[in-house]
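Participant: Got a structure for you, written out below as structure tokens; questions coming shortly.
Chains as they are written, first to last, in our numbering: chain A, -10 to 294; chain B, 1334 to 1720.
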């Protein structure tokens, strides 16, 4: 009866089900986004909260709306922000590439083992998540520091005489990011490679293709959606990464996450911090849209098959 | 450490933080100044037997909190933070639910202007006479008339160093002077040994300006440029720029010189002693002078239990309680009546309670204006990243 009543006003079970994710996005993405957007058009001042209100009633009749675009202009004027964005993208890009180079063979190997071993291997990939992310990054401090595990091992083996400085270098940041995000590369790749139709490879072999040829011409092209998914899952969080560069990196490493922190906490300039966040979001939306299109292409391709 | 959450997407985390404050911005912002000096609510008898305290990590003797609850029946919900910036951001967003918070005086100074705190009701602070009048005078530069705050601990910003390592490199190293860190001639020698500097722009600026014989609280562009040149000249020799990681790094020999806070360096000293590997850490107040900072009890204007907050602060002002805390954390108490009760080893440690001639050279780190803060932090980014 209720269903029929709802149907009369145009609400079916289908719309209710699809409404849930939309409601989720509205609550946890769109509303915070609008609030941040609003603050980004404001101006900092010493008060609670520390920015000027956007709307003001004049004589209780006229609603005055002040939009301050200066914060965005500020981002363009000072080359700090551009350099921080570009450097973050560079660091995230290199990390993603390394993750792909390590993650692809791992995902491939897992997908090709016996199902019983496969589950154990997958469990091992996910296992680090059972420990706090922060603790794992701290553990790397213990491994990489001058009198840490790695240097001590190398010295006792006689490979080096003096400890190599690894902590507070870019190397440590890449190690940290690749280590932390590798599972996000392996899992989508595995999901993709595991679905791969092995008869295609047999057909390729029957037609005289060598194993590496059939890998390059069959497996690799078919796994592109998995590669894109894995790369985006690593790249996007890595761009905004704050914890790993702060704990492991050289203080001179310029990352947008750190710039955002400085604006928000040190300068107490919420409007500029919000503008930085909005700009970062726009930077990230572009790859997400690209991903969306790749996904569409994949489902389109599936229909043809 | 400043990080308690996984900030994979820093922007989203910031967005989440802002949610709490956005809705009240329309009505609260213009009225903020007026709310500053709202009279503290009278301790309504209906007040729940709870006090919510937000303090620095490792900053009171836990036994003291138990004693407070045992005597008053008031339960203490005790949360900790480890940077003034994090505390300030929460306070400015409002409705923290905390009854007692402990900002440093230079931050408190600005927060009072923003209308964050209520005036304390002296009639409920019966232990007020225990306070050190010299500290009260110094704090009054931040909190005029001492109307909004009571000192918990104070300390200095100075130089911690690994004695053996520094002496091995240069037996004549000026360990009692800022020259050790700010003069490239000296700093260069300790590059491989490791130098750490606090990630506290305003304090380091003050230290450089003092070393150069300028007004440490200067807000002139010229002095800022001068300090930037000094900092850039020693940047290649500085390995860490962080406000807490240096404690461990100094204790385990990872670095050998740290510009740090007195109690933290002494904590590193104690940890090194416990580790028993022969690392000896020392703390010096530079002879040119340095910052004397204060961490202050204050009550937010919207505290849910202001009556309990006053009772808690008054309890902390008891001489024996303040002495216990001072013993526990290796910082100096601003409670004159407590000093005599502090353990001799702490009381006679010049790193904790500096002698009068050094005390005379200590100065406050006053809050800067908004525009200068931005210039300073921009300079700081140029110093840390070279951009």
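We put the beta carbon where it would ideally sit given N, CA and C, even for glycine.
None of these values were measured; they are calculated from a predicted model.
Since I believe residue 156 of chain A is in contact with residue 130 of chain A (beta carbons under 8 Å), could you give me their beta-carbon distance rounded to a whole number of angstroms?
Facilitator: By 1-based counting over the first chain, the position of residue 130 of chain A is 141. By 1-based counting over the first chain, the position of residue 156 of chain A is 167. That pair is a contact at about 6 Å.
Participant: Give a yes or no on contact between the stretch 245 to 261 of chain A and the stretch 31 to 38 of chain A, applying the rule of three or more CB pairs nearer than 8 Å.
Facilitator: Counting Cβ pairs under 8 Å, three or more are found: they touch.
Participant: Report the residue from B:1515, B:1525, B:1526, B:1522 whose alpha carbon sits nearest the alpha carbon of residue 1538 of chain B.
Facilitator: Along the second chain, read from residue 1 onward, the residue named residue 1538 of chain B stands at position 205. It is B:1515.
Participant: Applying a beta-carbon distance threshold of less than 7 Å, which residues of chain A neighbour residue 1457 of chain B?
Facilitator: As a first step, residue 1457 of chain B must be located in the second chain, where it is residue number 124. Under the 7 Å cutoff, chain A gives no residues; its nearest Cβ is about 25 Å from residue 1457 of chain B.
Participant: Closer than 8 Å, CB to CB, is residue 1585 of chain B near chain A or not?
Facilitator: Stepping through the second chain from its first residue, residue 1585 of chain B is reached at position 252. Taking Cβ atoms only, chain A reaches closer than 8 Å to residue 1585 of chain B, which makes this a yes.
Participant: Between residue 241 of chain A and chain B, is there a C-beta pair that is closer than 8 Å?
Facilitator: Locating residue 241 of chain A in the first chain gives position 252, counting from the first residue. With 8 Å as the cut-off, residue 241 of chain A counts as an interface residue toward chain B.
Participant: Check for me: the beta strand (DSSP E) holding residue 1413 of chain B runs from which residue to which?
Facilitator: Here residue 1413 of chain B is taken as the residue at index 80 of the second chain, counted from 1. Residues 1408 to 1414.
Participant: Would you give the residue range spanned by the alpha helix (DSSP H) that residue 1403 of chain B belongs to?
Facilitator: The count along the second chain starts at 1 and reaches residue 1403 of chain B at position 70. Residues 1395 to 1405.
Participant: Show which residues of chain A have a CB atom less than 9 Å away from the CB atom of residue 1446 of chain B.
Facilitator: Here the question's residue 1446 of chain B lines up with position 113 in the second chain. 35, 36, listed in chain order.
Participant: Check whether the Cβ atoms of residue 213 of chain A and residue 193 of chain A sit closer than 8 Å, and answer yes or no.
Facilitator: Position 224 of the first chain holds residue 213 of chain A. Position 204 of the first chain holds residue 193 of chain A. No, the Cβ-Cβ distance between residue 213 of chain A and residue 193 of chain A is not below 8 Å.
Participant: Could you check whether residue 1700 of chain B and residue 1442 of chain B sit closer than 8 Å to each other, using their CB atoms as the reference points?
Facilitator: Taking the second chain and counting its residues from 1, one reaches residue 1442 of chain B at position 109. Taking the second chain and counting its residues from 1, one reaches residue 1700 of chain B at position 367. Closer than 8 Å, so yes.
Participant: So with Cβ pairs under 8 Å, would you call residue 157 of chain A a contact of chain B?
Facilitator: Here residue 157 of chain A is taken as the residue at index 168 of the first chain, counted from 1. Yes, its Cβ sits closer than 8 Å to a Cβ of chain B.
Participant: Check this for me: beta carbons of residue 1612 of chain B and residue 1584 of chain B, under 8 Å apart or not?
Facilitator: Within the second chain, the letter at position 279 stands for residue 1612 of chain B. Within the second chain, the letter at position 251 stands for residue 1584 of chain B. Cβ distance < 8 Å, so residue 1612 of chain B and residue 1584 of chain B count as in contact.
Participant: Can you pull out the residues from the stretch 1422 to 1448 of chain B whose beta carbon lies closer than 7 Å to at least one beta carbon of chain A?
Facilitator: Taking 7 Å as the Cβ-Cβ cut-off against chain A, the residues of the stretch 1422 to 1448 of chain B that qualify are 1422, 1425, 1426, 1427, 1443, 1446, 1447, 1448.
Participant: Please list the terminal residues of the continuous beta strand (DSSP E) segment that includes residue 1623 of chain B.
Facilitator: One-based indexing of the second chain puts residue 1623 of chain B at position 290. Per DSSP, residue 1623 of chain B belongs to the beta strand (DSSP E) from 1623 to 1631.
Participant: Any chance the stretch 1544 to 1552 of chain B sits against the stretch 1692 to 1699 of chain B, with 3 or more Cβ pairs inside 8 Å?
Facilitator: Touching, yes, given that three or more Cβ pairs across the two stretches are closer than 8 Å.
Participant: Can the beta-carbon of residue 114 of chain A be found less than 8 Å from the beta-carbon of residue 177 of chain A?
Facilitator: As a working note, residue 114 of chain A is residue 125 in the first chain. As a working note, residue 177 of chain A is residue 188 in the first chain. For residue 114 of chain A and residue 177 of chain A, no; Cβs fall outside 8 Å.
Participant: With DSSP collapsed to three states, give me the class of residue 297 of chain A.
Facilitator: Residue 297 of chain A lies beyond the stretch modelled for chain A, which goes from -10 to 294, so this question has no answer here.
Participant: Where do the N-terminal and C-terminal ends of the beta strand (DSSP E) with residue 1486 of chain B fall, by residue?
Facilitator: Within the second chain, numbered from 1, the residue matching residue 1486 of chain B stands at position 153. Looking at the DSSP string, the run of the beta strand (DSSP E) that includes residue 1486 of chain B is 1482 to 1495.
Participant: Run the CB neighbour count on residue 1432 of chain B, radius 10 Å, all protein chains shown included, and call it buried at 16 or more, exposed below.
Facilitator: To locate residue 1432 of chain B, count along the second chain from 1; it is residue 99. With 16 or more Cβ atoms within 10 Å of its Cβ, residue 1432 of chain B is classed as buried.
Participant: Under 8 Å, Cβ to Cβ, is there at least one residue of chain B near residue 39 of chain A?
Facilitator: On the first chain, position 50 is the one that residue 39 of chain A refers to. Answer yes: the Cβ-Cβ gap between residue 39 of chain A and chain B drops below 8 Å somewhere.
Participant: Per DSSP, residue 1616 of chain B is paired with what?
Facilitator: The residue you call residue 1616 of chain B lines up with position 283 of the second chain. Note: residue 1616 of chain B sits in a beta bridge opposite B:1493.
Participant: Within a Cβ cutoff of 7 Å, which residues of the same chain sit near residue 63 of chain A, ignoring the five residues on either side of it in sequence?
Facilitator: Indexing the first chain from 1 puts residue 63 of chain A at position 74. So the list reads 261, once near-sequence residues are dropped.
Participant: By Cβ distance below 6 Å, which residues in the same chain neighbour residue -3 of chain A in space, the five residues on each side in sequence not counted?
Facilitator: As a first step, residue -3 of chain A is located in the first chain; it is residue number 8 there, counting from the start. Excluding sequence neighbours, residue -3 of chain A sits near nothing in its chain.
Participant: Does DSSP classify residue 1445 of chain B as helix, strand or coil?
Facilitator: Walking along the second chain from the start, residue 1445 of chain B turns up at place 112. Helix, per DSSP.
Participant: Just verifying my parser: in three-state terms, what is the DSSP assignment at residue 1437 of chain B?
Facilitator: Locating residue 1437 of chain B in the second chain gives position 104, counting from the first residue. In the structure shown, residue 1437 of chain B sits in a strand (DSSP, three-state: E or B).
Participant: Between residue 251 of chain A and chain B, is the shortest Cβ-Cβ distance under 8 Å, so that the two count as touching?
Facilitator: By one-based count along the first chain, residue 251 of chain A stands at place 262. So yes, residue 251 of chain A belongs to the interface.
Participant: Only counting the same chain, and skipping five residues up and downstream in sequence, which positions put a Cβ closer than 6 Å to that of residue 238 of chain A?
Facilitator: In the first chain, counting from the first residue as 1, residue 238 of chain A sits at position 249. Excluding sequence neighbours, residue 238 of chain A sits near 162.
Participant: Exposed or buried, residue 217 of chain A, counting other C-beta atoms within 10 Å across all chains shown (16 or more means buried)?
Facilitator: Here residue 217 of chain A refers to the residue found at position 228 when the first chain is read from its first residue. Classification for residue 217 of chain A: buried.
Participant: Only counting runs of 3 or more residues, tell me where the beta strand (DSSP E) segments fall wholly within the stretch 1545 to 1575 of chain B, in order along the chain.
Facilitator: The qualifying runs do not exist here; there are none.
Participant: Return the residue from the list B:1429, B:1403, B:1422 that minimises the CA-CA distance to residue 1386 of chain B.
Facilitator: Within the second chain, the letter at position 53 stands for residue 1386 of chain B. Ranking B:1429, B:1403, B:1422 by Cα distance to residue 1386 of chain B puts B:1429 first.
Participant: Should the stretch 1392 to 1401 of chain B be called in touch with the stretch 1650 to 1657 of chain B, which here means at least 3 C-beta pairs below 8 Å?
Facilitator: With a cut-off of 8 Å, the stretch 1650 to 1657 of chain B and the stretch 1392 to 1401 of chain B count as touching, because enough Cβ pairs lie within range.
Participant: Going by DSSP in three states, residue 1675 of chain B sits in which element: helix, strand or coil?
Facilitator: Here residue 1675 of chain B refers to the residue found at position 342 when the second chain is read from its first residue. Correct three-state label for residue 1675 of chain B: coil.
Participant: Mind pulling the chain B residues with CB within less than 8 Å of residue 344 of chain A?
Facilitator: Given a span of -10 to 294 for chain A in the structure shown, any question on residue 344 of chain A remains unanswerable.
Participant: Counting only C-beta atoms, is residue 1606 of chain B closer than 8 Å to chain A at any point?
Facilitator: By 1-based counting over the second chain, the position of residue 1606 of chain B is 273. By this cut-off, residue 1606 of chain B is not an interface position.
Participant: For residue 1568 of chain B, count neighbouring Cβ atoms within 10 angstroms of its own Cβ and tell me buried if that reaches 16, exposed if not.
Facilitator: As a first step, residue 1568 of chain B is located in the second chain; it is residue number 235 there, counting from the start. Residue 1568 of chain B comes out buried.
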